[in-house]
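First the structure, in the form of structure tokens, and then the observations on it.
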Amino acid sequence: MKKIVSLPVRGVLPEEAEVLQAQGIPAAEKPDDRIIGLLDDAFTLFEQLARPVAIMAEISTLEFEKIYAGEGRNEPVTPVAEIYPQAECLALFAVTIGHDVETKISELFQTREFALGSLLDAVASAAADRAAADIEYRFLENLVKRQQTMTTMAASRFSPGYCGWHISGQKRLFAYLQPEEIGITLRSSFLMEPLKSVSGVLLAGAPGLFVIADSYPFCAACQDHSCQTRMPTRLSI
Amino acid sequence: MGILEQISASLQKGNDTHVAELTRRAIEKKLPPKQILDDGLIGGMAVIGERFKAHEIFLPQVLLAARAMYAGMDLLKPLMIRENIPTSGKVVIGSVQGDLHDIGKNLVAIMLKGAGFEVIDLGSDVTPEQFVSAAEKEEAGAIGLSALLTTTMPVMKQVIDLLRERRLLSKIKVIIGGAPVTQKFADQIGADAYAFDGVSAVERVKALIGRE
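Going line by line, the protein sequences match chains Z and A. For the first sequence, the residue numbers in this note's numbering are 1 to 237. For the second sequence, the residue numbers in this note's numbering are 238 to 449.
In structure tokens, the structure reads:
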């Protein structure tokens, strides 16, 4: 069943350090007061303008098989392909923080408030990822409540465009989930609008399922490797 | 400290009000606009670029300095146009067709302007035809292409192919960048340069088309 969830803005706010790091400022560095003031302004603007919302729908393994196959452009071996047949539960999801923040970022660049615009952009990017993490947690929490067989479950999320799942996979994902209902549209290049949106599949199962090797052929070209630090969400009954 | 050094120092602090005021005073003192630009504004931005590369300052400070640079440039630009003073060069820039991400492209444009280049920013979702036509019409020395999606990276090659087709490859240099873009990809498609960030983009463009 498809579900639309409005997320509280404060629930998706990133840590200051996360935003500063996205601006190249290391955690050990103490930014000057002016930067801190701009960062505060960026957070205030984000709280005023962001409208985080998500859509999600549980899906069977068989249905996901068709969606994952996409346009036939995935890498031959991928973490998603290895995990999903063994997952206890699967759901498609899409989250966005809305159009208004992006409009404001553009305005700030046009009025030469470059630093504030760049900080707001970093806040919004991190918040979109937090919104996706929030949905992952809610998905698992709901499963654990109704789960009878397993004492501990874990969940993780994967998106088209990453880890060998070709970005053209967005086409079938959108056809099934219809995130247009929460204002997310897909362009012919498979880019989502608003840009600060995340879509993908949530997979839940035994915690051991989500140990991902960093040695797939496509890992060499990856500049992220966050799969190694982003632990799957775990919950116990 | 001379007035040009003061302009440079204020710019490095990101103090746009001071930079505007000092630039106004320098103009009133009849200092040549080109000297104010080169030794005050561009000089200050060059220091900012070096400090950024050395990790002494970070992106927000660079952007505050850029805003201060613009405050000075607003006063100098009419004089430079009137006196027909050439810029460091002209660059057409944009995010390629299918791509709406423009923060990285905006940062590169800001840094290029800070280095004295004239930047024609075509925005995002720009077709190869739009890039090439604009570069030809504006007599630009370079085209800067940005892509944040692997699916839009092939458009970069289409721009180069179109330049080749119109026999413009020797006249117009191509520099590419964006999160999934690499030097290897630049070599594969025949781009003249790859830039990792705004500061390196300025260095590459200077090397390709910069006028002293």
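Cβ atoms here follow ideal geometry from the backbone N, Cα and C, with glycine treated the same way.
Pair within 8 Å by beta-carbon distance, residue i and residue j
i                : j                : result
Phe174 (chain Z) : Leu186 (chain Z) : yes
Leu268 (chain A) : Ile244 (chain A) : no
Gln184 (chain Z) : Glu193 (chain Z) : Strictly speaking, residue 184 (chain Z) in this sequence is Ile, with Gln absent from that position. Yes, they are a contact pair.
Ala305 (chain A) : Gly341 (chain A) : no
Pro85 (chain Z)  : Ala154 (chain Z) : no
Gly11 (chain Z)  : Asp134 (chain Z) : yes
Phe114 (chain Z) : Leu300 (chain A) : yes
Gln23 (chain Z)  : Leu296 (chain A) : yes
Ile397 (chain A) : Gly427 (chain A) : yes
Thr96 (chain Z)  : Ser197 (chain Z) : yes
Ala87 (chain Z)  : Leu203 (chain Z) : yes
Straight-line gap, residue i to residue j (C-alpha atoms, nearest Å)
i                : j                : result
Ala302 (chain A) : Ala221 (chain Z) : 34 Å
Ala432 (chain A) : Ile412 (chain A) : 7 Å
Ala27 (chain Z)  : Ser325 (chain A) : 37 Å
Asp100 (chain Z) : Ala126 (chain Z) : 16 Å
Ile67 (chain Z)  : Gln21 (chain Z)  : 35 Å
Gln110 (chain Z) : Arg441 (chain A) : 25 Å
His255 (chain A) : Gln249 (chain A) : 11 Å
Ile273 (chain A) : Ile322 (chain A) : 12 Å
Leu143 (chain Z) : Ile212 (chain Z) : 22 Å
Ile285 (chain A) : Pro79 (chain Z)  : 43 Å
Ala50 (chain Z)  : Leu38 (chain Z)  : 18 Å
Asp358 (chain A) : Met282 (chain A) : 20 Å
Asp336 (chain A) : Ser189 (chain Z) : 7 Å
Pro8 (chain Z)   : Thr387 (chain A) : 32 Å
Met231 (chain Z) : Cys219 (chain Z) : 17 Å
Leu247 (chain Z) : Val201 (chain Z) : Here chain Z has residues from 1 to 237 only, and residue 247 (chain Z) is not among them.
Leu235 (chain Z) : Glu141 (chain Z) : 7 Å
Pro14 (chain Z)  : Leu405 (chain A) : 47 Å
Gln425 (chain A) : Ala122 (chain Z) : 31 Å
Glu102 (chain Z) : Gly205 (chain Z) : 36 Å
Ser156 (chain Z) : Ile83 (chain Z)  : 10 Å
Gly169 (chain Z) : Tyr162 (chain Z) : 10 Å
Glu265 (chain A) : Ser247 (chain A) : 18 Å
Pro179 (chain Z) : Leu116 (chain Z) : 30 Å
Ser199 (chain Z) : Asp224 (chain Z) : 18 Å
Ile409 (chain A) : Lys374 (chain A) : 12 Å
Val436 (chain A) : Asp214 (chain Z) : 31 Å
Ile318 (chain A) : Arg261 (chain A) : 17 Å
Ile36 (chain Z)  : Gln298 (chain A) : 11 Å
Lys2 (chain Z)   : Pro391 (chain A) : 36 Å
Leu90 (chain Z)  : Glu402 (chain A) : 49 Å
Val369 (chain A) : Leu399 (chain A) : 7 Å
Glu58 (chain Z)  : Leu92 (chain Z)  : 6 Å
Glu16 (chain Z)  : Ser118 (chain Z) : 14 Å
8 Å CB neighbourhood of residue i in its chain, flanking five on each side removed
i                : result
His166 (chain Z) : Gly70, Glu71, Arg73, Asn74, Glu75, Pro160
Leu241 (chain A) : Ala263, Leu268, Gln272, Ile273, Asp276, Gly277, Gly280
Val5 (chain Z)   : Val53, Ala54, Ile55, Met56, Ile135, Arg138
Ala371 (chain A) : Val329, Ile357, Leu359, Ala377
Asp339 (chain A) : Ser332, Gly360, Ser361, Ser383
Ala444 (chain A) : Ala430
Ala438 (chain A) : Val345, Met348, Leu349, Gly381, Ile412, Gly414, Ala432
Glu293 (chain A) : none
Ser407 (chain A) : none
Neighbourhood of residue i by C-beta distance below 6 Å, restricted to the same chain and skipping five residues each side
i                : result
Leu316 (chain A) : Pro270
Ala308 (chain A) : Asp253, Val256, Ala257
Glu355 (chain A) : Thr324, Lys327
Thr389 (chain A) : Val333, Gly335, Asp336
Leu120 (chain Z) : Ala42, Leu45, Ile105
Ala423 (chain A) : Ile413, Tyr431
Lys394 (chain A) : Ile426
Opposing strand residues paired with residue i [DSSP bridges]
i                : result
Ala430 (chain A) : A:Ile412
Cys89 (chain Z)  : Z:Ala204
Val293 (chain Z) : Summary: the structure shown does not reach residue 293 (chain Z), with chain Z confined to residues 1 through 237, and so no result is reported for it.
Met192 (chain Z) : Z:Leu186
Leu235 (chain Z) : Z:Met153
Leu143 (chain Z) : DSSP output for Leu143 (chain Z) lists no bridge partner at all.
Met56 (chain Z)  : Z:Lys3, Z:Phe93
Leu382 (chain A) : A:Gly331, A:Ile413
Val363 (chain A) : A:Val333
Asp358 (chain A) : A:Ile330
Phe158 (chain Z) : Z:Val201
Close-in-space but distant-in-sequence residues of the same chain around residue i (CB under 7 Å, 5 per side omitted)
i                : result
Glu18 (chain Z)  : Ala126
Gly353 (chain A) : Leu274, Ile279, Thr324, Ser325
Pro31 (chain Z)  : Leu20, Ile25
Any non-hydrogen atom of the ligand GDP closer than 7 Å to residue i Cβ
i               : result
Gly11 (chain Z) : The model depicted lacks the ligand GDP and carries no ligand whatsoever.
Does the structure place the region 374–384 of chain A close enough to the region 342–353 of chain A that three or more beta carbon pairs sit under 8 Å?
The region 342–353 of chain A makes contact with the region 374–384 of chain A, as at least three CB pairs between them are under 8 Å.
At a cut of 8 Å, does the region 282–299 of chain A reach the region 331–339 of chain A through at least three beta carbon pairs?
no
Do the region 356–365 of chain A and the region 410–425 of chain A touch if we need at least three Cβ pairs shorter than 8 Å?
no
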